[in-house]
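Chemist: One gets the numbering used here by counting positions in the sequence shown from 1 and adding 320 to each.
Yeah, the Cβ is synthetic: ideal placement off N, Cα and C, and Gly gets one too.
One structure, pasted below without further comment.
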Amino acid sequence: MRLAELSERSGVPTATIKYYLREGLLRPGRRVSATQAAYDEGHLRRLRLVRALIQVGGVSVAAAREVIAAAEDTSLDHHMRLGAATWALPRVPAPEAGDEAAEAARGAVDGLLARLGWDPARVEVTASPAYRTLLDSVAALARLGYPCGTEHLLPYGRLAAELAVTDLDLVLAEPTADGQVEAAVALTVLYEPVLLSLRRLAHAEESARRLEGGDVGGQDDGSGPPELSRPTPAAGDRESGPSR
């Protein structure tokens, strides 16, 4: 296909495609004349991946180039290619050593991994950008005094383990190794906002189930929502409520 058709089928403007070509995000087409090149389905698939990374995932051009380079590194075995491509996605720095909250976070997270039966040596957990992001997030919770111990993290870890089975089934459904690597990257980027949105919808549903039309404090038997869901009473009302 020519550039105009590639643009039409992908929904990406021709000027943007030319920019991606210059930046090395898209391999050159097959030259058919001095001024024209032909593109194939591989270009279309790669262009959709780049678009997912940059426009949906908010990944920089430089980071997208790193992801694609990892995805194309055939010197790695298939498991490592899948991991290398997703590891190249944006990350946050690890918490500073010596920070009390960071040390508490590391203990909670490592305890979680042990409870889940995940082998750090096999999945290289401690070198993973996701591990560092998890440490940073749990440390932030600890600094603010929110519950974030191993027992609090365990339900999230168990759900993540279940979701990983579904995710990998989707990836391995692709018929080629290259398609599986691209799917691993694209689905990581595209399904994360899906998970976040579903979680927020579930929060609204659960809140309505527990609180709609009822007392803001939840059920009287103590099985209602946690203290964080209860608004602080006004000064004039403090004497009528339970002491804090």
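(1) In angstroms, rounded to a whole number, what distance separates the CA positions of SER517 and PRO475?
(2) Mind listing, in chain order, the continuous alpha helix (DSSP H) runs of no fewer than 4 residues lying wholly within the region 447–506?
(3) Per DSSP, what kind of secondary structure is ALA565 in: helix, strand or coil?
(4) Under 6 Å Cβ to Cβ from ALA506, same chain only, skipping five residues before and after it: list those, please.
(5) Leaving out the 5 sequence neighbours to the left and right, which residues in its chain are closer than 6 Å to THR446 when beta-carbon positions are compared?
(6) Helix, strand or coil for ALA358 per DSSP?
(7) From the DSSP output, read off the bridge partner residues of ARG350.
(8) Do the region 464–473 and the region 424–435 touch if we need at least three Cβ pairs shorter than 8 Å?
(9) Below 8 Å on the Cβ atoms is my guess for LEU364 versus ARG322; work out the distance and round it to an integer in Å.
(10) What's the call for SER395, buried or exposed, on a 16-neighbour Cβ count within 10 Å?
(11) Hey, could you find the ends of the alpha helix (DSSP H) ASP393 is sitting in?
(12) Does DSSP put VAL578 in a helix, in a strand, or in coil?
(13) Identify, in the order they occur along the chain, each residue of the same chain with its Cβ nearer than 8 Å to the Cβ of ILE337, setting aside the five sequence neighbours on each side.
(14) So GLU420 is in the alpha helix (DSSP H); what residue range does that whole segment cover?
Modeler: According to the structure data:
(1) Looking up residue 517 in the sequence shown gives position 197. Looking up residue 475 in the sequence shown gives position 155. Each residue's alpha carbon lies about 18 Å from the other.
(2) 449–463, 470–492
(3) The structure shown does not extend to residue 565, since the chain is modelled only from 321 to 564, so the question has no answer here.
(4) The residue you call residue 506 lines up with position 186 of the sequence shown. Same-chain partners within the cutoff: LEU369, ALA372.
(5) In the sequence shown, the residue the question calls residue 446 occupies position 126. Counting only Cβ-Cβ distances below 6 Å, and skipping sequence neighbours, we find PRO440.
(6) Position 38 of the sequence shown, counted from the first residue, corresponds to residue 358. Here ALA358 sits in strand by DSSP.
(7) By 1-based counting over the sequence shown, the position of residue 350 is 30. DSSP lists ALA358 as partners of ARG350.
(8) yes
(9) Along the sequence shown, one-based indexing puts residue 364 at 44. Along the sequence shown, one-based indexing puts residue 322 at 2. Contact doesn't hold; Cβ gap of about 12 Å is too wide.
(10) Numbered from 1 along the sequence shown, position 75 holds the residue referred to as residue 395. By the neighbour-count rule (16 or more Cβ atoms within 10 Å), SER395 is not buried but exposed.
(11) Reading the sequence shown from its first residue, position 73 is the one you call residue 393. Unbroken run through ASP393: none, as it is neither H nor E.
(12) Summary: the structure shown does not reach residue 578, with the chain confined to residues 321 through 564, and so no result is reported for it.
(13) Residue 337 sits at position 17 when you count from the first residue of the sequence shown. Around ILE337: LEU323, LEU326, SER327, SER330, LEU346, LEU367.
(14) By 1-based counting over the sequence shown, the position of residue 420 is 100. That run of the alpha helix (DSSP H) goes 420–436.
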